[in-house]
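Each number in the numbering used here corresponds to the 1-based position in the sequence shown with 774 added. No residue lacks a Cβ here, since even glycine has one placed at the ideal position from N, Cα and C. To keep things clear, I will list the structure first and then write my remarks on it.
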Amino acid sequence: MTEMNLIRSYNNWRRYRETVGELNRLSNRELSDLGISRADIPYVARQSGAR
775 MTEMNLIRSY NNWRRYRETV GELNRLSNRE LSDLGISRAD IPYVARQSGA
825 R
């Protein structure tokens, strides 16, 4: 793994964890308003990390 790939992987992981944390802080009502259930959080966070 090249250094750039390692950095990219780390940044994607960090973005994933930040997104999971932010979404977990929302109430069920707020998540519902966004069209997200608690079960969807890992999927949504992975999509965020892939950008």
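Distance between residue 789 and residue 820 (C-alpha atoms, nearest Å): 9 Å
Collapsed DSSP secondary structure at residue 793 in the structure displayed: helix
Taking the Cβ atom as the reference point for each residue, do residue 815 and residue 797 lie within a distance shorter than 7 Å? yes
DSSP-derived helix/strand/coil call for residue 808: helix
If you reduce the DSSP assignment to three classes, tell me which class residue 822 lands in. helix
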